[in-house]
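Working notes for the structure below.
Below, the structure written as structure tokens:
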């Protein structure tokens, strides 16, 4: 069971390493699988910068400051055995405690729990890529004219350069319209912390700190609030924060003409991404925006049918690319608002033809009949499967 896979392990699994298929779940979906009894955690090894001799711990006191322990909190609550891995033992009682002493079985002190400086790397980096910044600027314009950019709105940006960069383009628009956001949710970034400290976002609900600045903010800002993955996005919880979300901006590896999104497999059919909170937030938010370049190198991002469906098109409202904006026909009122604001709105079919013009028609990937991964939707149902790549 995992949210996603990258690198050498993903390559080998895509080529049939495991006897059983990997179960791919979303962030909220994992909590649901645990609570339903399907996923039983025998032992959870939880890395923390520091804790006391009873295991009371948070993610921001100590050298290896990593921020929110939102995902670890679920494991600490559910695993049969909980092992804390820590660099530093502090006097009892250590507080605030995100993970409490009555959840912990064993504590192991180690020299180094991880390198906190590498938190804001890869998919959670801040982009300087001009094309990603162009898409981010465009997405900020879409938000501003969507009808959801009002006093007290709420926002989440997913991983990926363009989606994370959207927040910085919203600042001027918020100031000019005198708008303050009620909260930002999910993976919290330095930009969101900056807007919070400038008084433009009232509260930050943090399930995962995306960079060092966000991790340090959790320690000093009382309205930067740590939440568990259950509170964040579990479909079966008594109250999931995603259900209060106005706008979410998400990235994609592939999108098809039905607005279905693939964030899991690359253009070669190999596992190269993660489900994350993608399907959780897309369906729950009032406005879900996908940001992606139309082509990457000689590979189209927009295709006739996605290789793997993680988020169904019924959950997606708008696709923002560097060649134009497409609105889901199920949301005609959004298209009207954007056109009235003078924005270039085109059909998704037009964008698909343009992508094909730029890249040609790629040769289809060849797969065997063997299933190497099962993609689970947030309610536990199977939404797709991934087949082994043919050598």
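Residue numbers (this note's numbering): 221 to 611.
For each residue, glycine too, the CB sits at the ideal point set by N, CA and C.
- Of all alpha-carbon atoms in 521, 436 and 585, the one lying nearest the alpha-carbon of residue 610 is that of 585.
- In the DSSP assignment, residue 270 falls within the unbroken beta strand (DSSP E) covering 263-272.
- Around the beta carbon of residue 312, a 10 Å sphere encloses fewer than 16 other beta carbons of the protein chains shown; the residue is thus reported as exposed.
- At the C-beta level, residue 477 and residue 527 stay beyond 8 Å of one another.
- In this structure, residue 288 and residue 451 do not form a Cβ contact; the two beta carbons are roughly 11 Å apart against a cut-off of 8 Å.
- Cα atoms of residue 351 and residue 273: separation of roughly 50 Å, rounded to the nearest angstrom.
- Contact check for residue 359 against residue 233 fails: the beta carbons are separated by 8 Å or more.
- For residue 459, same chain residues with a beta-carbon under 8 Å away, outside a window of 5 residues either side, are 451 in chain order.
- When secondary structure is reduced to three states using DSSP, residue 429 falls in the strand class.
- Sixteen is the threshold: since fewer than 16 other Cβ atoms of the shown chains lie within 10 Å of the Cβ of residue 237, the residue is exposed.
- Taking a contact as a CB-CB distance under 8 Å, the pair residue 530 and residue 547 does not count as one, their CB atoms being some 21 Å apart.
- Proximity to residue 299 across 258, 308, 284 and 309 peaks at 258, based on C-alpha coordinates.
- Going by DSSP, residue 416 is part of no beta strand (DSSP E) but of the alpha helix (DSSP H) stretching over 410-417.
- Spatial neighbours of residue 494 in its own chain (CB-CB distance under 6 Å, excluding positions within 5 residues in sequence) are listed in chain order as 223 and 224.
- At least 8 Å separates the beta-carbon of residue 330 from that of residue 266.
- Taking a contact to require three or more Cβ pairs closer than 8 Å, the stretch 245-256 and the stretch 408-415 do not qualify as touching.
- The C-beta distance from residue 445 to residue 425 rounds to 6 Å, short enough to meet the 8 Å contact threshold.
- Here residue 448 is buried. Its C-beta has 16 or more other C-beta atoms within 10 Å.
- Checking the DSSP bridge columns, you'll see residue 508 partnered with 468.
- Restricting attention to 296, 241, 277 and 337, the CA atom closest to the CA of residue 255 is found in 296.
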